[in-house]
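Enquirer: Sharing a structure with you now.
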Amino acid sequence: METRDEKRASITLEINNFKAALVDFNKLVEHTTAQKKDERAGLFIPKEEAIDYDKFYTTVLQIFGPEVKNQDVKCFYRKLCNNPDASFDWCEIFGYFSSDEDPFSMQMDEENLVFLVSRKQRIVISGSRRRDVIKCIMKVPQLDLLITASQKGLITVFNSQMRIQNSTNVTDTSWITGCDYLIQLKRVVATTERTIIIWDYKAQGSSQEHYFVIKPMDHCLLCVCVVPLPDQLCRDDILLGDDGGFVNRFTVNSDDIGLKQAKTKKKLQTQVLDSKNFKSVKRKLHNDWVMKIRYIPALKCFGSCSLDSAHSLVLESLKRLEDNLPVREFAMPRGANTFCYCIKANVIVTGGDDKVLRLWHPNISTKPVGKLVGHMFSITEIVNNEKEQHVISLSSAKVFRVWDIQTLSVLQVFHDSQGGPGDMQIYSMIYDANHGMLITGSSVIDMYPLTRMVQDTKQVPHSHEREINVMLYNRYFHQVLTICSESVIKVWELESGLQIYQIVDPHGFNIELTCATIDESGYLFATGAYNGTLKIWDFGSGQEMKMLPEGKDWAEDEHGLLRLFFLKAQVKQQYLILALEHNGTVRMIQGKEDDILLVVIWELPDAMPYLHHGSRIIHMKMSAKERAMAIPFPDIELIVQKNSSQQTKNNPAVANAVNCIDLFQADGYNLIVCGTTNGVIILWNFITATVKEIYHPEDCFSSDPNLDPKHFRINDILFLFRPPDCARRTSQDSICSSTQCDSSKGPQSSKGSRLSIHDMEAKGEQADMAGGEQQPGSRKQPTVASSAEPQPPIVVTAHEDGHLRLWNLEGKLLKDTLPFTKHSAISLTSLYTDSCCRILLAGNVEGHVILCSISSFLEPPHDEKKFKQLLSWKAHSLEIIQVIYVEDKQLVLTASIDGSVRLWHSSSGHYCGYFGQRRMFDLTQTSDFILPCDVNEYPIEIKEESKFTEKKQKYEYPLIFDRERWRKMSSMSLLFKRTPPKPFEVQHDFKFFKSLSSPKNRRYALEGFMTENREAGVVFGSLPIYRVPSPTSLRFLPLIGSDAQRDSIDSAPAGRKKGGHVQHEKARRRSLKRNLVPQINLAASFFPTSLK
């Protein structure tokens, strides 16, 4: 009675707690709904009080606990944001939607396959006997080896590339039933019906056929497994299951194998060992055959299954084999053929002849916690993918089913239809977690790769059918918006990669969209077309809200839109958009609440004609015209001198239109910066009422037919500004990092670990702080305080010549760098930075992504050395049009003209996938490195040598004779001597060894003068030919060798030679006199010889 009362009380308490949770959840929904309505009405909501998705998801977890799934909460939040007036049910937060049509489930049926059956690989075992089958397959993850054992005695070891490393044939009359790997003894163990075989797979030559046979055994052995106990050395425990229902524990020591092998003088092919000499214990646990036995290290126990209905599964520790105490038994109809254990889910999955998969808690043997029904034939094998939380089951009809162990749903069903009637049965199956592969053994070995491990097709990944024009990221909804040149808008989920909705021909048939933007709240987005039309859309539903129609007198492509920016409106339900047109005109477009049409209300005047060879600064005056609604930029007029316009004449051959713009409105700044096609940077400052030409390259206003007219063009421009809260946080991180640097004993190696972008920046800041520790303590505090103050913004430009340049507002060049890629001087196309300006991303026309750290560089005095490139990788084979950094996920989005939008890890450049692929994204950092089909370059990590590390290793180079040093060190008296010096004079007067020096490297480049020689052939004719300057004359070198030795011994015998030779010697001596070089016999000086 007490237990029933306790159960009733606990149930009542759970019900009351859930009711209280529902009350809190309804309050959260009401508060969020009211806030979203206010945001749609245009009311300003402080950032601290705004409920974004992350805050909503965290609150839901606090209310309901971890049972709530992220995907269900995201669908509920999206529905709440799209239509705050709709009715909501608390069941939807748990995934129970009233609508049967779920777009996510529709995309999950066939497009997101777990295993790619079409890419199955098959290996035929060479040397196997006729009608032989693979009876057992096991994986050694520590060594990355695969061991297979065929029924008729062929044991094969494969390496990581699935190439045969070694193999042996067991000459036994009985069939092999199982195999495993002895971890301590480093041997392969296999069982036949009556024997145990131990084989040294590392032996070479004739010894590879050598193995030990342990027999006899009491019963027929059916399965084997090794107990991985790391505390025991030089011995392994083997668990055996037989046809009598016994479980045997067999111990093999290294002495049992090593001593026998040492005593044997002649190596035999087999050595028979008596099983009675080995330590073994056994216990009868089943009343039928033991079908499978496994040791589970996580539970510190073993499991054995049998066809016995009463004792189908036994789960117990190894000590129970030595006594007769009761064991944990799991009963199921018709027994169990196989089982596996899932560590994360903490369940045991069993399967047998009743065709039902049962999920058991290890400590609850009375009733299963779940059932999976779907197989039509007996279940023969079960394996699990721990990382993906998948269970793969196999039936006797060769039908595979992949289950999600968390949701108990089937993910994929496929059938192995190959093979004849005799090849119907699959005897073994494992999952290789190292390579993401499902491996089965029948008469052949079949390998099914995971879809995420390989590319689905051999074609280039594509998200759209045409090239991408626009890519945007909505950080509030965690969604990506893409637009292609065929005018198709698609919205994708970032975490899964699934498409949410699409809009075809949004501006009309055959009208290409060229630009788009998202407002600050994330609820609206605007699109612009090449004909000048503009539309505002609701981001959640994709419904059109307002439109700017095409003008009647507009010429084709003249008013095409290039850039769009949402501006902050001070009136409710008012929309302001700043637009850059193709002709370089910057306009402001207004949308009112009661009007569906948009109107142009403001235009930026053209200052290029007055800045051309004229004044670098033009002043503006504010117009006295009053507006009914305040706008971010006032009406202005340029104050131009009368003679200024007469002096400047534009060259019609030079294009000087505005190509890119960016705006900055914060902390007392109201700026617009423009980059033109001829490389001029113009800054509009509406606070000081000035227009300034920050930079213009030389000869940018003159046309040169030998140069590309686009070589000066600025492709993208961006303001870099660190908000005050980010600056304070950065300074605090620097202080903390310096404190940790002081407390640490020494540097730690980061080899083998992946740091995030912010970790790498903190590491660099730590080094900078450590370098400044030598300064007096009184100067430290003002430096930190000043760094927290907001600094003026910096302008960064991406140029056509491949350079990345950073400027201050006065026009001073702070940094000019050429990013390091495989090929230098590649045109940059896109720029992006995070909210705190810690990193800078750039993309180029050859598909490379460049990632730079600018966190320390933005702090004054803007040291060039603190601008560091961290990473570079090739993301596309064609031009990148947009690159985006997702801060909270540490991901990089890239869009290219190849029609694909791809996802990458920012810290390593590892490829995650592309939007539109046939699988969901796996955003976890994996060791499996894959590349897209069209990319074959690995990421390049730029490592800078630390200034604190000293080079301990010094390389020694061979010394050579330095003529100039020899002439400076030699005395004049020695140089003018006609007779050679004596040994002591050389030793004291002529310092030969001090005139030796290291070889000097060539400082000049080789000059190429001829290429493409047709006479040399196709290959050698295309190679460049270099002209190497000839070395200087060697006539100043001293005489060293046998000739000098003969001259130094005695000069008299030389005169008795024949006339021709004497004249030659005299001429040679006169030449040496003229050049002040004596004939010196160094060998005779340092090693004197006596005359005979």
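If you want the working numbering, it's the position in the sequence shown, counting the first as 1, plus 70. We treat Cβ as the ideally placed atom computed from N, Cα and C, and that holds for glycine.
Give me whichever residues DSSP pairs with valine 561 in a beta bridge.
Expert: Paired residue(s): Leu551, Tyr571.
Enquirer: List the endpoints of the continuous beta strand (DSSP E) containing glutamine 735.
Expert: 728-736 is the span of the beta strand (DSSP E), which, as asked, contains glutamine 735.
Enquirer: With DSSP as the reference, please indicate the residues paired to aspartate 312 in a beta bridge.
Expert: Answer is Leu291.
Enquirer: According to DSSP, is threonine 128 part of a helix, a strand, or is it coil?
Expert: Residue state, collapsed to three classes: helix.
Enquirer: Three or more beta-carbon pairs under 8 Å between the segment 288-298 and the segment 359-373, yes or no?
Expert: Yes, they touch.
Enquirer: Return yes when the Cβ of leucine 940 is within less than 9 Å of the Cβ of isoleucine 1012, no when it is not.
Expert: Closer than 9 Å, so yes.
Enquirer: Taking just the CA atoms, how far does cysteine 206 sit from leucine 481?
Expert: Distance between the alpha carbons of leucine 481 and cysteine 206: 27 Å.
Enquirer: How would you call phenylalanine 447, buried or exposed, if buried means at least 16 neighbouring beta carbons within 10 angstroms?
Expert: So phenylalanine 447 counts as exposed.
Enquirer: Rounded to a whole number of angstroms, what is the C-alpha to C-alpha distance between glycine 822 and lysine 139?
Expert: Because glycine 822 carries a pLDDT of 36, less than 50, the predicted location of this residue cannot be relied on, and the following value inherits that uncertainty. When rounded, the distance between both Cα atoms is 32 Å.
Enquirer: With distances taken from CA atoms, which of Arg545, Met990, Thr655, Cys982 is nearest aspartate 122?
Expert: Answer by Cα proximity: Arg545.
Enquirer: Could you say which of Leu343, Gly405, Lys349 lies nearest to asparagine 357 if we only look at CA atoms?
Expert: Of the listed residues, the one whose Cα sits closest to asparagine 357 is Gly405.
Enquirer: Return the residue from the list Ser350, His946, Ser977 that minimises the CA-CA distance to serine 923.
Expert: The residue with the shortest Cα to Cα distance from serine 923 is Ser977.
Enquirer: Measuring straight from C-alpha to C-alpha, what distance separates leucine 618 and threonine 603?
Expert: About 5 Å.
Enquirer: Ignoring anything shorter than 4 residues, give me the alpha helix (DSSP H) runs that lie fully in the segment 628-705, in order along the chain.
Expert: As far as the segment 628-705 is concerned, its whole alpha helix (DSSP H) runs of at least 4 residues are 678-681.
Enquirer: Tell me which residues share the same chain as leucine 183 and place their Cβ nearer than 6 Å to its Cβ, disregarding the 5 neighbours each side in the sequence.
Expert: Closer than 6 Å at Cβ, skipping near neighbours: Gln482, Thr521.
Enquirer: Do glycine 917 and serine 947 have their CB atoms nearer than 9 Å?
Expert: Contact: yes.
Enquirer: On the three-pair Cβ rule with 8 Å, is the segment 438-447 touching the segment 468-480?
Expert: With a cut-off of 8 Å, the segment 468-480 and the segment 438-447 count as touching, because enough Cβ pairs lie within range.
Enquirer: What residue range is occupied by the uninterrupted alpha helix (DSSP H) comprising phenylalanine 228?
Expert: Premise fails: phenylalanine 228 lies in the beta strand (DSSP E), 224-228, not in any alpha helix (DSSP H).
Enquirer: Does the Cβ-Cβ distance between asparagine 455 and proline 211 come in under 9 Å?
Expert: Result no, Cβ atoms of asparagine 455 and proline 211 do not sit closer than 9 Å.
Enquirer: Report buried or exposed for glycine 610, applying the criterion of at least 16 other Cβ atoms within 10 angstroms of its Cβ.
Expert: With 16 or more Cβ atoms within 10 Å of its Cβ, glycine 610 is classed as buried.
Enquirer: Hey, is isoleucine 449 close to the ligand GTP, as in C-beta under 8 Å from one of its heavy atoms?
Expert: Ligands in the displayed structure: none, and consequently the ligand GTP is not present.
Enquirer: Taking a contact to mean a Cβ-Cβ separation below 9 Å, would you say glutamine 254 touches aspartate 214 in this structure?
Expert: Their beta carbons are not under 9 Å apart, which means glutamine 254 does not touch aspartate 214 by this criterion.
Enquirer: Shortest alpha-carbon distance to isoleucine 647 belongs to which of Ile588, Arg428, Ile413?
Expert: Isoleucine 647 has its Cα closest to that of Ile588, out of Ile588, Arg428, Ile413.
Enquirer: Can you round the beta-carbon distance between valine 743 and valine 865 to whole angstroms, since I take them to be within the 8 Å contact cut?
Expert: The pair is a contact, with the Cβ atoms about 6 Å apart (cut-off 8 Å).
Enquirer: So leucine 385 packs on glycine 373, CB below 8 Å; how close in whole Å?
Expert: Confirmed, about 5 Å.
Enquirer: Leaving aside the five residues before and after aspartate 202 along the sequence, list all residues of the same chain whose C-beta is less than 8 Å from its C-beta, in chain order.
Expert: These residues qualify, in order along the chain: Ile195, Ser220, Gln221, Lys222, Leu224, Ser513.
Enquirer: Which value, in whole angstroms, describes the spacing of the CA atoms of threonine 1102 and arginine 1033?
Expert: Model confidence at threonine 1102 stands at a pLDDT of 49, short of 50, so the residue's coordinates are unreliable and nothing is read from them.
Enquirer: Looking at the unbroken alpha helix (DSSP H) that takes in lysine 144, where does it start and where does it end?
Expert: Residues 140-152.
Enquirer: Helix, strand or coil: how does DSSP classify histidine 101 here?
Expert: The answer is helix: DSSP assigns histidine 101 an H, G or I state.
Enquirer: Skipping 5 residues on each side, what residues in its chain have a beta carbon closer than 6 Å to that of serine 387?
Expert: The answer, listed in chain order, is Cys371.
Enquirer: Within 10 angstroms of the Cβ of tyrosine 571, are there 16 or more other Cβ atoms? Answer buried if so, exposed if not.
Expert: The residue is exposed, with fewer than 16 neighbouring Cβ atoms inside 10 Å.
Enquirer: Give me the Cα-Cα distance between asparagine 229 and tryptophan 877, rounded to the nearest whole angstrom.
Expert: Rounded to the nearest angstrom, the two C-alpha atoms are 56 Å apart.
Enquirer: With a threshold of 16 other CB atoms inside 10 Å of the CB of asparagine 41, please say whether the residue is buried or exposed.
Expert: The chain is shown from 71 up to 1162; residue 41 falls before or after that span and cannot be answered.
Enquirer: Going by alpha carbons, who is nearest to asparagine 601 out of Ser557, Asp516, Met692, Phe595?
Expert: Comparing Cα-Cα distances from asparagine 601 to each of Ser557, Asp516, Met692, Phe595, the minimum goes to Ser557.
Enquirer: Beta-carbon separation of proline 863 and tryptophan 943 under 9 Å?
Expert: Contact flag unset, no.
Enquirer: Leucine 963 to tyrosine 543, Cα distance in whole Å?
Expert: Whole-angstrom Cα-Cα distance: 9 Å.
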